[in-house]
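In order, the protein sequence lines correspond to chains A, B and C.
Heads up: the first sequence is residues 90 to 390, going by the numbering used here.
Heads up: the second sequence is residues 122 to 495, going by the numbering used here.
Heads up: the third sequence is residues 29 to 329, going by the numbering used here.
We treat Cβ as the ideally placed atom computed from N, Cα and C, and that holds for glycine.
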Amino acid sequence: MRKKLNYKRMEGLQGYVFILPWIVGFIAFTAGPLIFSFAASFTNYNITSQMDFVGFDNYENLFTADNLFWTSLYNTLYYVLFSIPLTTAGAIFLSALLNQDVPGIRFFRTIYYLPAVLSGVGVYLLWMQLLDPGTGLVNTALGWFGIPGPNWLFDPDWTKPALIFMKLWSVGGGMLLYLASMQGVSKSLYEAAKIDGASSWQQFRFITIPMITPVIFFDIVTSLIGGFQIFQEAYVMSNGEGGPVNSMLFYNLYMWKKAFESFDMGYAMAMSWILFIIVFIITIINLKLAPRWVHYEGEER
Amino acid sequence: MSKIVLKNVYKHFDKKVTAVSDFNLSVEDGEFIVLVGPSGCGKSTVLRMIAGLEEISSGEFYIDGKLMNDIPPKNRDIAMVFQNYALYPHMTVFDNMAFGLKIRKFKKDEIKKRVEEAAELLGLEELLHRKPKALSGGQRQRVALGRSIVRDAKLFLMDEPLSNLDAKLRFQMRAEIAKLHQRLKTTSIYVTHDQTEAMTMASRIIIMKDGVIQQIGAPKDVYDNPENTFVGGFIGSPSMNFFDGRIVDGQFVVEDVRINVPEEKMEYLREQGFVGKELTMGIRPEHIHLLRGGEEAGQTNSILSKIIVSELTGAHTLLYSMLGTQEMIAEVESRTNVSPGEDVYLTFDMNCVHFFDKEAGIRIRPEKSEVLVG
Amino acid sequence: MEEVEVAAKKRDEERVASAHAYFDNIHTKRKLLSLVNFILLAAGSLLILSPIWWMISTSLKSMAEVMTYPPTFYPREWNWDNYIKTWKAAPFDTYAINTITITMLVVIGSVLVNSFIAYGFAKVPFKGRGILFAIVLSTMMIPGFVTLIPQYVLFSKLQWINTYFPLVVPAFFGSAFFIFLLRQFYMTIPNELIEAAKIEGASHFRIWWTIGLPLTKPALATVAIFSFNGAWNDFLGPLLYLNDESLYTLQLGLQVFKGEMNTQWNYLMAGSLLVLLPVIILFFFFQKYFIQGINLQSGGK
Ligand SMILES: Nc1ncnc2c1ncn2[C@@H]1O[C@H](COP(=O)(O)OP(=O)(O)OP(=O)(O)O)[C@@H](O)[C@H]1O
Ligand SMILES: [Mg+2]
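Here is the structure:
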């Protein structure tokens with residue numbers, strides 16, 4: 090073993106130079122903050138004057154003395170539990186429709202995908218108008234069918250469905266993901282199935298679905314992580330309050346208010362760690378369950 | 122222009138796989154060395170160690186007496202042609218060929234001059250402004266060659282450069298590479314699967330198996346005097362016939378067939394104590410002849426065989442039959458008309474056979490000399 | 029004899045006829061299915077597009093018309109000056125310039141730095157590459173809010189609050205998703221190409237610049253568009269870090285505008301549309317690169 094720097098080691102060093110920006114960024118913006126926030130979650134840190142160790146007080150208060158914490162957790166779980174199955178199923182259904190030979194299919198794909206690229210305050214404003222009980226399009230349209238529309242964003246029972254409804258509009262993003270993977274399924278599989286006498290539905294159920302399970306898995310994992318972090322729409326559509334009656338007070342919004350409005354940073358960071366742990370456990374469960382239903386063809390790269 | 126030496130070179134991957142063991146080679150200036158061997162035997166690995174793309178696990182590698190182990194590829198002054206050409210798809214032919222020169226900070230007009238010279242040599246003048254995508258396979262190969270000659274590198278490495286071409290183009294490019302080498306006289310190492318390429322282009326052939334050199338020698342030498350059964354079987358097509366048997370009473374006995382062995386061969390077999398031992402006899406198909414007319418039928422060396430398959434390959438016909446339970450292929454002139462099922466007399470040209478120690482597979486040499494390798 | 033032949037012939041004819049019927053049947057069935065599919069997709073497209081039409085239509089109405097019941101689908105008169113009024117009602121030109129500045133910097137940083145990092149992970153062998161890349165991927169699982177609060181602390185200690193640094197600087201240290209996307213793309217470039225360049229005398233940095241960058245152009249376009257979208261639509265970052273109105277971005281400006289306009293839906297919709305327009309235009313011109321990003325994702329997992 091030569092100890093001096095030979096060119097292969099030099100090459101290795103160059104490799105580190107290439108990833109150096111990421112390493113620095115990882116330490117400064119991810120690992121460092123993680124460690125800091127973990128430590129600070131056991132303090133009464135308020136960014137300016139105090140940072141005293143308080144043990145598990147923050148965590149204890151969260152679980153025992155903070156109703157809003159439970160409300161925000163409930164709201165978030167509600168949103169995740171309904172929006173993810175709906176958007177996943179919707180995206181798969183849509184991609185199945187769009188995976189056919191129909192005139193103008195490229196045009197349709199474009200149309201369905203468009204809402205997925207739109208985001209930000211403009212979209213939230215648009216939906217506030219669409220869902221406006223008096224002047225909005227949604228209730229107008231429901232009125233054509235004689236259905237009296239709810240008060241949506243003004244009715245605590247309907248705010249979360251409203252957000253889920255809005256989420257469904259942009260289901261085209263997931264659709265493209267599924268479409269790409271459906272188009273990767275070999276034609277010969279379908280031909281073999283036809284020879285075996287499978288109907289269109291059976292082909293979809295027993296070939297398409299199993300073949301795209303890796304993407305379903307990927308989609309579910311990422312949208313679960315995303316779903317728990319719902320914030321912007323709730324912030325904008327409730328003017329940063331989480332109302333009415335805290336029905337849009339999602340976990341991150343509550344955390345935001347704790348951190349940046351009352352500057353209860355230690356408390357907020359304890360909240361963030363609870364969220365992290367929840368998301369982590371759910372991801373692990375997902376990974377553990379995956380072998381039961383996710384079908385990987387051939388070996389992994 | 123250079124001399125290269127590899128001494129006891131080993132390559133281990135992940136500490137488990139040994140891809141190359143104890144590789145020793147000394148190449149004279151201007152030689153054209155061809156590396157052959159079955160897939161996975163370590164040919165590419167040897168080439169890539171010479172290029173500096175793989176680290177040498179142990180051993181030494183010199184160019185012109187200078188140890189190269191720790192020199193990065195760019196400072197080894199070598200050029201390499203890859204199997205899939207590895208042309209930069211976003212650059213024109215000109216830029217592809219000029220790339221190395223630009224990096225080495227050659228003057229603009231010098232680059233132009235050299236690229237144009239190379240392009241002329243390879244007949245690429247008209248294509249200089251095209252991108253690789255707009256070229257045929259043969260043209261791409263030419264560009265890859267051009268790219269490696271513009272730099273006047275000391276050493277020229279080629280890893281199966283012709284294997285992606287069709288048979289006719291391969292034949293043509295083979296001649297062209299040979300011509301190029303005649304002109305430039307750059308020391309070259311060439312890896313191939315194709316025996317014909319090896320036989321026709323090489324000044325010396327290296328046959329490898331499982332990472333170990335089996336034999337090094339001039340093409341004719343390797344063909345005529347294979348060091349062991351592997352080389353005998355690998356070089357030459359159709360493959361050499363091998364028969365297991367033993368020497369009894371001056372005859373080689375294969376099952377129930379007895380063949381007379383010439384006295385000179387008997388002499389050294391006897392001297393080295395192989396009489397009565399298990400041996401393998403190797404004979405090339407072209408050294409098995411068809412006896413016509415039947416008047417020689419009584420001779421000991423004529424063997425009555427039932428032809429199973431007869432294959433016309435052009436100038437020759439291959440006759441498949443059995444010697445006892447062992448397969449035998451004879452290559453005879455195609456004018457001889459033999460049909461399957463026919464019984465014919467075949468005879469062995471016993472002056473051209475080789476005897477191998479059955480266990481070790483090593484050829485028994487006339488003289489008890491030291492092994493000549495390297 | 030003849031009778032047998034005739035019978036056989038008849039049988040054959042029947043068989044052919046039934047086969048024809050079978051294929052005709054399949055044909056009509058397929059046509060019908062395709063028609064149903066087309067109708068479904070067309071109806072769905074109208075549904076998907078109606079919010080956007082509603083936004084356009086509302087933005088052109090007078091406030092009186094917005095408030096009429098039932099709402100009108102077409103504006104009775106087209107008040108194009110709504111747009112001018114909207115633009116002048118708030119310092120939208122400042123917002124626009126600010127947003128463009130931030131977005132450009134973020135796009136440049138994302139494209140160059142992520143490409144650099146991804147090259148290192150894909151094409152330069154070094155010790156620990158696999159583990160480090162696994163860490164890159166796993167950071168995608170960390171909920172953003174966990175690092176958001178400590179990052180805020182970091183930036184405030186650096187005196188970066190109320191500057192663009194917190195919005196721009198992180199883009200120059202790589203993002204896990206883009207690194208993953210680009211590495212995926214780099215993996216499709218044969219190693220021989222890199223090796224040939226090495227032998228020609230190029231260093232890895234040179235290879236990245238002269239071969240890596242040009243050959244990954246399509247993937248870089250995807251990164252550019254995604255990061256453009258991200259920076260353009262970012263609401264949370266500016267909300268957290270910018271205090272002076274003169275520094276506001278369009279998203280933040282629109283949120284303020286929303287507060288000022290109350291329910292002046294025509295102006296709000298005009299503002300929203302103006303803010304969304306660049307993204308919509310980008311989408312129609314560079315759809316291919318949006319889709320490619322998605323294909324790279326679905327191929328990767
Ligand atoms: N990077 C690597 N890691 C681990 N093993 C390797 C690596 N590269 C090559 N090997 C192994 O080393 C051995 C020799 O490979 P090499 O590519 O040199 O064969 P080859 O003679 O060129 O074969 P072919 O004719 O098919 O190109 C093979 O068993 C191969 O699996
Ligand atoms: Mg090889």
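Which same chain residues, not among the five before or five after N545 of chain B, have their C-beta less than 8 Å away from its C-beta?
-> Not covered by the structure: residue 545 of chain B. The range shown for chain B is 122 to 495.
Step through the CB atoms of chain A and report whether any lies within less than 8 Å of the CB of V34 of chain C.
-> Output row for V34 of chain C: interface = no.
Using 7 Å as the cut-off, classify the Cβ of C473 of chain B as near or not near the heavy atoms of ligand 1, replying yes or no.
-> no
Quick one: is K346 of chain A near chain B, going by C-beta distance under 8 Å?
-> K346 of chain A does not count as touching chain B.
Note down, in chain order, all residues in the segment 211-236 of chain C with a beta-carbon under 8 Å from any beta-carbon belonging to chain A.
-> M215, S231, H232, F233, W236
Given a threshold of 16 other Cβ atoms within 10 Å of its Cβ, counted over all protein chains shown, does K136 of chain B qualify as buried or as exposed?
-> exposed
Start-end ranges of the beta strand (DSSP E) lying completely within the segment 201-231 of chain A, minimum 3 residues | none
Within its chain, find whatever has a CB closer than 8 Å to the CB of M215 of chain C; leave out the 5 residues flanking it on each side and keep chain order.
-> A150
What separation, rounded to the nearest whole angstrom, lies between the Cα atoms of D345 of chain B and S442 of chain B?
-> For D345 of chain B and S442 of chain B, the gap between their C-alpha atoms comes out near 24 Å.
Between T317 of chain B and ligand 1, is the CB less than 7 Å from at least one heavy atom?
-> no
To which residues does DSSP link K128 of chain B through a beta bridge?
-> Answer is B:E181, bridged to K128 of chain B.
Below 7 Å between beta carbons is the criterion; list the residues of the segment 237-251 of chain C that meet it against any residue of chain B, in chain order.
-> I239, P242, L243
Helix, strand or coil: how does DSSP classify Q189 of chain A here?
-> coil
I think R295 of chain B touches E318 of chain B, with their Cβ atoms under 8 Å apart; what is that distance to the nearest whole Å?
-> 6 Å
Simplified DSSP assignment, three categories, for D216 of chain B | helix
Host beta strand (DSSP E) of E152 of chain B (start-end) | Counting along the chain, E152 of chain B falls outside any beta strand (DSSP E), and DSSP gives it neither H nor E.
Option in B:V375, B:G332, B:M361 with minimal Cα separation from T139 of chain B | B:G332
From N335 of chain A to K346 of chain A, what distance separates their C-alpha atoms?
-> 13 Å
Give a yes or no on contact between the segment 321-328 of chain B and the segment 445-457 of chain B, applying the rule of three or more CB pairs nearer than 8 Å.
-> no
Grab me the residues of W356 of chain A's own chain with a C-beta within less than 6 Å of its C-beta, minus the 5 sequence neighbours each way, in chain order.
-> Rather than Trp, the amino acid found at residue 356 of chain A in this sequence is Tyr. Excluding sequence neighbours, Y356 of chain A sits near N147, K347.
Check each residue of the segment 233-257 of chain A: if its Cβ is closer than 7 Å to any Cβ of chain C, include it; give the result in chain order.
-> Hits within the stretch: zero.
Cβ of K155 of chain C versus every heavy atom of ligand 1: is any distance shorter than 7 Å?
-> In this structure, K155 of chain C has its CB at a distance of at least 7 Å from all heavy atoms of ligand 1.
A239 of chain B and I270 of chain B closer than 8 Å at C-beta = A distance below 8 Å separates the beta carbons of A239 of chain B and I270 of chain B.
Starting from E176 of chain B, find everything on chain A with Cβ-Cβ shorter than 8 Å and list it in chain order.
-> N95, K97
Apply the 10 Å Cβ neighbour rule to M218 of chain B and answer buried if 16 or more other Cβ atoms are within range, or exposed otherwise.
-> buried
Helix, strand or coil at Q336 of chain B [DSSP, three-state] | strand
Does the segment 124-132 of chain B touch the segment 359-377 of chain A, meaning 3 or more C-beta pairs lie closer than 8 Å?
-> no
If we call anything under 8 Å between Cβ atoms a contact, is L245 of chain B one with G267 of chain B?
-> yes
Which whole-angstrom value describes the C-beta separation of P171 of chain C and F317 of chain A, a residue pair presumed to lie in contact below a C-beta threshold of 8 Å?
-> 6 Å
Does the distance from the C-beta atom of T177 of chain A to that of G263 of chain A stay below 8 Å?
-> yes
Report back the beta-carbon spacing between D365 of chain B and K479 of chain B to the nearest angstrom; my notes put them in contact at under 8 Å.
-> 6 Å
According to the Cβ coordinates, are T321 of chain B and F477 of chain B closer than 8 Å?
-> no
Check A207 of chain B in the structure and name its three-state DSSP category.
-> coil
What do you reckon, is the C-beta of F203 of chain B under 7 Å from a heavy atom of ligand 1?
-> Not one heavy atom of ligand 1 is found less than 7 Å from the C-beta of F203 of chain B.
Do you know whose CA, among C:G72, C:F254, C:A249, C:F120, lies nearest S184 of chain A's CA?
-> C:G72
Verify the CB distance criterion: does G496 of chain B have a CB-CB separation below 8 Å to chain C?
-> There is simply no residue 496 of chain B to check, as chain B begins at 122 and stops at 495 in what is shown.
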